[in-house]
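Asks:
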Amino acid sequence: EAQVTQNPRYLITVTGKKLTVTCSQNMNHEYMSWYRQDPGLGLRQIYYSMNVEVTDKGDVPEGYKVSRKEKRNFPLILESPSPNQTSLYFCASSVDLGGAYEQYFGPGTRLTVT
Amino acid sequence: AQSVTQLGSHVSVSEGALVLLRCNYSSSVPPYLFWYVQYPNQGLQLLLKYTTGATLVKGINGFEAEFKKSETSFHLTKPSAHMSDAAEYFCAVSGITGGGNKLTFGTGTQLKVEL
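Dropping the structure here:
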């Protein structure tokens with residue numbers, strides 16, 4: 011089954027404790043993205059990756075890091091989490107529709123930073 | 010730059026009534042437009058998309074949307090609402106820009122369906 015998986019699904023942590031949210035896709039997609047969803051703000055892109063070893067900032071990259079060492083994996087790293095990073099996070103992978111990119115989303119990771 | 014405006018953060022309809030969720034976009038390049046649905050505690054599921062061709066697009070669960078370039082709109086409709094349609098709906102736009110795989114989302118519309 012084609013899917014995007016994220017782990018963990020729920021995470022409660024404390025300020026400053028480094029964490030990683032994993033994302034993996036089995037569709038051989040080149041493009042992957044991370045979004046955060048906050049009430050009243052919709053989804054905003056954090057980082058994206060066009061291919062292995064190619065990443066770039068989205069709209070809200072501050073406080074986050076990513077890496078793309080393998081095509082299927084795109085982990086999101088919070089080196090020193092803060093309470094304003096409490097949010098619902100989605101990973102997505104994309105297929106090129108000839109200029110448009112249809113994105114497939116993972117189930118989400120709900121992060122709480124206290 | 011791209012942006013999406015969804016009018017009405019909350020919409021309430023009666024079961025069997027017409028559903029109309031509004032979306033207006035701005036884009037400096039030819040837009041590709043999407044509607045996603047999010048059920049409680051779930052991820053986003055693609056309802057329908059407009060890339061090129063026919064401006065009336067049909068999606069899953071009886072939804073459809075019409076791309077109107079002159080009005081920069083992509084409103085989502087369904088002739089008859091069902092209780093199972095209660096969810097949050099997001100309109101999104103992408104285009105051929107530097108961040109090619111970026112979707113710009115609206116702030117979402119929560120649809121409530123009442124008996």
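Chains as they are written, first to last, in the numbering used here: chain A, 11 to 124; chain B, 10 to 124.
Think of the CB as a built atom: it goes at the ideal place given N, C-alpha and C, for glycine as much as any other residue.
All of these numbers come straight from a predicted model, not from anything done at the bench.
1) At least one CB of chain A closer than 8 Å to the CB of F114(B): is that the case?
2) In chain B, what lies closer than 8 Å to P117(A) by C-beta?
3) Restricting to runs no shorter than 3 residues, where is the beta strand (DSSP E) found entirely within the segment 75-116 of chain B?
4) Going by beta-carbon coordinates alone, are H91(B) and L30(B) separated by less than 8 Å?
5) With DSSP collapsed to three states, give me the class of Q11(B).
6) S103(B) CB to nearest chain A CB: under 8 Å?
7) Report the partner residues of S104(A) according to the DSSP bridge assignment.
8) So, for E75(B): in the same chain, excluding its five sequence neighbours on each side, which residues have a beta-carbon less than 7 Å away from its beta-carbon?
9) How many Å lie between L88(A) and W44(B) at the Cα?
10) Any idea which residues DSSP pairs C33(A) with across the strands?
11) Near M60(A), what residues of its chain come up, given a Cβ to Cβ distance below 8 Å and the 5 sequence neighbours on each side ignored?
12) Is it the case that the Cβ atoms of D48(A) and S104(A) are separated by a distance below 8 Å?
Replies: On the basis of the coordinates in this document:
1) Start at 1 with the first residue of the second sequence, and residue 114(B) comes out as number 105. Yes, contact with chain A.
2) Here residue 117(A) is taken as the residue at index 107 of the first sequence, counted from 1. Per Cβ cutoff of 8 Å: Q51 and G52.
3) Counting whole runs of 3 or more residues, the segment 75-116 of chain B contains the beta strand (DSSP E) stretches 82-87 and 96-103.
4) In the second sequence, the residue the question calls residue 91(B) occupies position 82. In the second sequence, the residue the question calls residue 30(B) occupies position 21. No, the Cβ-Cβ distance between H91(B) and L30(B) is not below 8 Å.
5) Within the second sequence, the letter at position 2 stands for residue 11(B). It is coil, neither helix nor strand.
6) Translated into the one-based positions of the second sequence, residue 103(B) becomes position 94. Yes, S103(B) lies at the interface with chain A (some Cβ there is under 8 Å from its Cβ).
7) Position 94 of the first sequence, counted from the start, is the residue given in the question as residue 104(A). DSSP output for S104(A) lists Y41(A) and Q113(A) as bridge partner(s).
8) In the second sequence, residue 75(B) corresponds to position 66, counting from 1. T64, L65 and H84, listed in sequence order.
9) In the first sequence, the residue the question calls residue 88(A) occupies position 78. In the second sequence, the residue the question calls residue 44(B) occupies position 35. The alpha-carbon atoms of L88(A) and W44(B) are separated by roughly 30 Å.
10) Position 23 of the first sequence, counted from the start, is the residue given in the question as residue 33(A). Note: C33(A) sits in a beta bridge opposite Q16(A).
11) By 1-based counting over the first sequence, the position of residue 60(A) is 50. Non-local C-beta neighbours of M60(A) in its own chain, meaning closer than 8 Å and more than five positions away in sequence, comprise E40, Y41 and D66, ordered along the chain.
12) Here residue 48(A) corresponds to residue number 38 of the first sequence, with the count starting at 1. Here residue 104(A) corresponds to residue number 94 of the first sequence, with the count starting at 1. Going by C-beta atoms, D48(A) is not nearer than 8 Å to S104(A).
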